[in-house]
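Engineer:
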Amino acid sequence: MSVLSKLYAYLYLRGFKVWISYKTNAALTMLSWIIPVFTYYFTGTALGNRIVSGLGGGSYTAFVVVGLAFQGYVSSTITTVSQRLRNEQLYGTLEYYVLSPSGVLGFLTYSSLWGFALNSVNMAVILAIGFGLGVKYSASGIAAALIIFVLLLLTSFGIAAMSGAVVMITKQGNPIAFFFSTFTALMGNTVFPVTALPWYLKDLSYAIPLTWALQGLRGSLLEGLSFSGLSNIIYVMLVFTLITVPLGLYLYSKAFDKARKDGTLSQY
Amino acid sequence: MIETNSLTKVFVGKKWKVEALKGVDFKAERGKVTALVGPNGAGKTTLLKIISTLILPTSGSAYVDGYDVVSQPNEVRKRLGLVTVSDRLLYYRLSGVENLLFYGALYDMSIREAKKRAYELLDLVGLKEWADEPTMHYSTGMLRRLAIARSLMHDPDTILLDEPTLGVDVASARKVRQLVRKLSSERTIVLTSHFMHEIEELADFIFVLKSGKIVAKGSPEDIIKMAGMIVEAKLDSNSVTALVERFITKYENGYAVIRGPKSIVEQFSSDFYEIQPSLEDAYIALVGENEQDFRPYQFRRGGAWARERPV
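One line per chain: the protein sequences are A and B, in this order. Heads up: the first sequence is residues 12 to 279, going by my numbering. Heads up: the second sequence is residues 28 to 338, going by my numbering.
This is how it looks when you write it as structure tokens:
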């Protein structure tokens, strides 16, 4: 019951009701889900296909559709957590989360869920547009895709916790979210393959969980690869999860301890 | 019950160090309203935030119903409702009842339970007919009452109210005071305020805080007695010095009307007359302005920057 009421509170009341009350913002957000697919579709038909097909990876549209659909989980979760945390810090409402039994961990978890929920709509829209543009999805790879997807959510949660820790210390919300979103879009195998990057950036790209997750999701959703064919990627994602989640939670909790010591739970 | 022993808090910045609390011994009993008064920057909010586990003390101890605020924060939080000073304490896009529902969910209540409690509290604070209105349409007084309702969602035994009538009009302030009185019969209430008539009306016991130290404590009558004989006199405006500045009540035809302890006023004028002292007179005599008005951690309210640079 308690989980249900929290889902109602965080996802419906604080999430959906507040989000939809800013109608222009909601409409523009939905447009921002759609426009990039067409932007990359048209540029891709001219340029991208050469790169991707040269690497033996099928059509650029399929490549970019999967990239955009799942990259959003990283960026929207980090954006949601960091901006939400900063706003609550500014308003003074963060202190009430600290005081409640749900605590700041509940705040992090349920705020991340709102980011996941919002991006799930985004993902469904993008995959549907992709389908309309001729992308064929493979049913046989769905189970493997689901495992990779869950691991992607968990690593995103860990990174969101780290970004929350940074926000608590630096009192900055947007720049952090912007950096993570832009960085992962550029380096995370989202709109062009990692192999197209210069060697010194390629190594850096492999340090981003999204790079591996997208490679696995493309393999499963577009080529129908199963667990065995994607075991390496699943293993790497598992390692990322085991690092990012505990580390994120540790840093997040330390940042709150520091804020309690400094008296900066609410501060401009 | 709340109790603190030799509580200190030192905030340290890159170029400054502020001793916000200097060995505070504070006590608030159940069934009573305990007031914490003092000038801006005296340490009132810091004390409330330490009691509510939001700030860690540097040394000393603090207990709520016997639970240590540092080692048993979760036990303390269960027993505590807090209303802080802020322009934004609620979600403006949500209605009054939705705000309460949200906070009810944070306290592990089911939706049905939270809804029932929310309507009971909206009734208690006189906002039932505005329950479904977005709080962005509420007046300051309504928002303060809703914030009090929120602090009561989990039915805590202890309520901490930081300046509950700040920015609130006279009629709404009266409603808030009635509410505080109603709540105090079964709970431990601590409130801070700069309005001495409010303190006089509500408080059973007063702690006067200045520059992080308790400088006086007692019932309102005790505090008034501490000020000694209060007299009023007229002083030539040109002869006003820094010492009497805080006792000036008004200027009249080139004279400053001063009102303060006889021992001070008689140094400046022999033509004075005794008056019935109020709590405000006693407060001015005991405290006046603070020596430091610096909030290293809170920049929300006006006058937040250093009046005197801290060391």
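Glycine is no exception: its CB is placed at the ideal position from the N, C-alpha and C atoms.
Which chain A residues sit within Cβ distance under 9 angstroms of THR192/B?
Structural biologist: Residues of chain A passing the Cβ test: none, with the nearest at roughly 17 angstroms.
Engineer: Roughly how many whole angstroms lie between the Cα atoms of PHE326/B and THR85/B?
Structural biologist: For PHE326/B, the pLDDT reaches just 43, beneath the cut-off of 50, and the residue's location in the model is therefore unreliable, although a value from the coordinates is still provided. About 21 angstroms.
Engineer: Can you grab the Cα-Cα spacing for the pair GLY329/B / TYR107/A, in whole Å?
Structural biologist: With a pLDDT of 34 at GLY329/B, under the threshold of 50, the modelled position of this residue cannot be trusted; read the value that follows with caution. Going by the C-alpha atoms only, they are around 23 angstroms apart.
Engineer: For a test of the three-state rule: what should DSSP assign to ASP249/B, helix, strand or coil?
Structural biologist: helix
Engineer: What did DSSP end up calling SER88/B once you bin it into helix, strand or coil?
Structural biologist: strand
Engineer: Could you give the first and the last residue of the continuous beta strand (DSSP E) run that contains VAL39/B?
Structural biologist: 29-39
Engineer: Can you give me the C-alpha to C-alpha distance between MET198/A and TRP43/B, rounded to a whole angstrom?
Structural biologist: 42 angstroms
Engineer: Give the interface partners of VAL115/A over in chain B, defined as CB-CB distance under 7 angstroms, in chain order.
Structural biologist: Within 7 angstroms Cβ-Cβ: nothing; VAL115/A doesn't reach chain B, min ~11 angstroms.
Engineer: Would you please state the rounded distance, in angstroms, between the beta carbons of SER87/A and GLY126/A? I believe it to be under 8 angstroms.
Structural biologist: 5 angstroms
Engineer: Please classify ALA145/B as buried or exposed, where buried requires at least 16 other C-beta atoms within 10 Å of its C-beta.
Structural biologist: buried
Engineer: What are the boundary residues of the beta strand (DSSP E) that includes LEU163/A?
Structural biologist: Counted as a single uninterrupted DSSP element, the stretch harbouring LEU163/A is not any beta strand (DSSP E) but the alpha helix (DSSP H) occupying residues 153-181.
Engineer: Compare the C-beta of LEU151/B against all C-beta atoms of chain A and say whether one is closer than 7 angstroms.
Structural biologist: no
Engineer: How many Å lie between SER296/B and ASP263/B at the Cα?
Structural biologist: 10 angstroms
Engineer: By the DSSP assignment, the alpha helix (DSSP H) with LEU116/A in it spans what residues?
Structural biologist: LEU116/A: member of the alpha helix (DSSP H) spanning 114-143, first to last residue.
Engineer: Mapping DSSP to helix, strand and coil, what is ARG286/B?
Structural biologist: strand
Engineer: Starting from LEU253/A, trace the alpha helix (DSSP H) in both directions and tell me its first and last residue.
Structural biologist: The continuous alpha helix (DSSP H) containing LEU253/A extends over residues 242-273.
Engineer: Check for me: the beta strand (DSSP E) holding GLY153/B runs from which residue to which?
Structural biologist: Note, GLY153/B: premise wrong, no beta strand (DSSP E); not H, not E.
Engineer: 7 angstroms is my cut-off, CB to CB: does TYR90/B come that close to chain A?
Structural biologist: no
Engineer: Can you check which of these residues, ALA312/B, PHE232/B, PRO247/B, is closest to VAL271/B by C-alpha distance?
Structural biologist: ALA312/B
Engineer: For GLY83/A, which three-state DSSP category applies?
Structural biologist: helix
Engineer: Less than 6 angstroms between the CB of GLY281/B and some heavy atom of the ligand COA, yes or no?
Structural biologist: The ligand content of the structure shown is nil, which means the ligand COA is not present either.
Engineer: Using a cut-off of 7 angstroms between C-beta atoms, extract the partners of ARG271/A located in chain B.
Structural biologist: Going along chain B in sequence order, the residues near ARG271/A (Cβ under 7 angstroms) are LEU81, ILE82, LEU83.
Engineer: Hey, would you say VAL267/B sits closer than 7 angstroms to ALA254/B, going by beta carbons?
Structural biologist: no
Engineer: Of all the residues that make up the segment 19-40 of chain A, which are near chain B by a beta-carbon distance shorter than 7 angstroms?
Structural biologist: TYR19, ALA20, LEU24, ARG25, LYS28, VAL29, SER32
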